[in-house]
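Per the UniProt record's numbering, residue 1 is the first one in the sequence shown, and the count goes up by one each step.
See structure below.
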Amino acid sequence: MEHIRDLVTGAILPTPGAVMEAAMLLYEEIGDLLVIDIGGATTDVHSVTNGSDEIARLLTAPEPFNKRTVEGDLGLYLNAHHMVEQIGEEKLKNELGLDIARVMRDYRPIPETPEQFRLTSRLCLEAGLVALSRHAGRLRHYYTPQGRATAAEGKDLTPVKTIVGTGGALTRLPERETILRTLADCNKGGGMLYPKPGAMRLAFDEGYVLSSLGVLAKTNPAAARTLLKQTLRFA
1 MEHIRDLVTG AILPTPGAVM EAAMLLYEEI GDLLVIDIGG ATTDVHSVTN GSDEIARLLT
61 APEPFNKRTV EGDLGLYLNA HHMVEQIGEE KLKNELGLDI ARVMRDYRPI PETPEQFRLT
121 SRLCLEAGLV ALSRHAGRLR HYYTPQGRAT AAEGKDLTPV KTIVGTGGAL TRLPERETIL
181 RTLADCNKGG GMLYPKPGAM RLAFDEGYVL SSLGVLAKTN PAAARTLLKQ TLRFA
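Here is the structure:
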């Protein structure tokens, strides 16, 4: 990082910070949103929303308008072996019909074979589900002398209308639309402060440039806004 600072005179933004800058700019165009960035090293979730007034009255602690969580144990490449262990090799074998140990012996940062694509897509889905469950808040029920009471803990995402997929996996995998739709509709049990299934539209960072546009937004927000509109594809 010190060597980079010797070469660059402007601000240096790590990828998660740059994506958040782009998400904030995008909020001005499309309103409440989620951005999920599933990469080889981390899975990051960015939300820009005030939440609902109803949930705000139940919150035990305030939440930021724009929130970012970075999950260092959910990288599709660096943490692939860990994720396979967490899901269960036997479960993956039954789901995908693959010899998981064999596929993992030659697992690549960018999948090359049909087997690698299938496993990467499944790990991508798992990373997204876990990251969203950690990012979203929940309702907690407890009992007092007056009876049952309810409190809200964590980020209220219920008003969000758009989920944006970025990162290598959600911009390049053939199954990306199916994966993002599953992530958008993952609150079927209603346990999270998260939109109901079918409530969110899907959008993709088609040019895989969201982080770059976040950096650009610091010096030329008008140009970044124009390019955001060009890269965003609604499904």
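The C-beta atom is built at its ideal place from N, Cα and C for all residues, glycine as well.
Here the structure is a predicted model, which means the values were calculated and not measured.
Should residue i go down as buried or exposed, given a rule of 16 or more other Cβ atoms within 10 Å for buried?
i: Tyr-142; result: exposed
i: His-46; result: buried
i: His-135; result: buried
i: Thr-219; result: exposed
i: Arg-172; result: exposed
i: Leu-193; result: buried
i: Thr-49; result: buried
i: Ile-100; result: buried
i: Ala-127; result: buried
i: Ala-80; result: buried
i: Pro-150; result: What sits at residue 150 in the sequence shown is Thr, not Pro. So Thr-150 ends up on the exposed side.
i: Arg-140; result: exposed
i: Asn-187; result: buried
i: Pro-111; result: buried
i: residue 287; result: What the structure shows of the chain is the stretch from 1 to 235, and residue 287 is not part of that stretch, so it cannot be assessed.
i: Asp-205; result: buried
i: Thr-15; result: buried
Helix, strand or coil: which one does DSSP assign to residue i?
i: Leu-173; result: coil
i: Arg-5; result: helix
i: Thr-162; result: strand
i: Ala-136; result: strand
i: Leu-92; result: helix
i: Arg-233; result: strand
i: Thr-113; result: coil
i: Arg-102; result: helix
i: Ala-152; result: strand
i: Gly-189; result: coil
Do residue j and residue i come within 8 Å of each other at the CB atom, strictly closer than that value?
i: Leu-213; j: Leu-228; result: yes
i: Ala-217; j: Ala-56; result: no
i: Leu-74; j: Gly-40; result: no
i: Gly-72; j: Thr-42; result: yes
i: Tyr-208; j: Thr-178; result: no
i: Gly-191; j: Arg-148; result: no
i: Leu-25; j: Val-164; result: no
i: Pro-174; j: Phe-117; result: yes
i: Ser-211; j: Ala-11; result: no
i: Leu-183; j: Leu-132; result: yes
i: Ile-38; j: Leu-76; result: yes
i: Val-215; j: Leu-13; result: yes
i: Lys-196; j: Lys-67; result: no
i: Arg-225; j: Leu-202; result: no
i: Glu-115; j: Val-130; result: no
What are the start and end residues of each continuous alpha helix (DSSP H) run of 4 or more residues lying completely inside the stretch 200–225, in chain order? The stretch 200–225 is shown to contain whole alpha helix (DSSP H) runs of 4 or more residues at 210–217, in chain order.
Which ranges would you report for the beta strand (DSSP E) in the stretch 52–76 if only whole runs of at least 3 residues count? You should have 66–71.
Inter-stretch contact (C-beta, 8 Å, three-pair minimum) for the stretch 106–114 and the stretch 147–159: Touching, no, given that fewer than three Cβ pairs across the two stretches are closer than 8 Å.
Runs of 3 residues minimum, wholly inside the stretch 24–55: which ones carry the beta strand (DSSP E) assignment? Counting only unbroken stretches of 3 or more residues, the beta strand (DSSP E) elements lying wholly within the stretch 24–55 are 33–38, 43–48, in sequence order.
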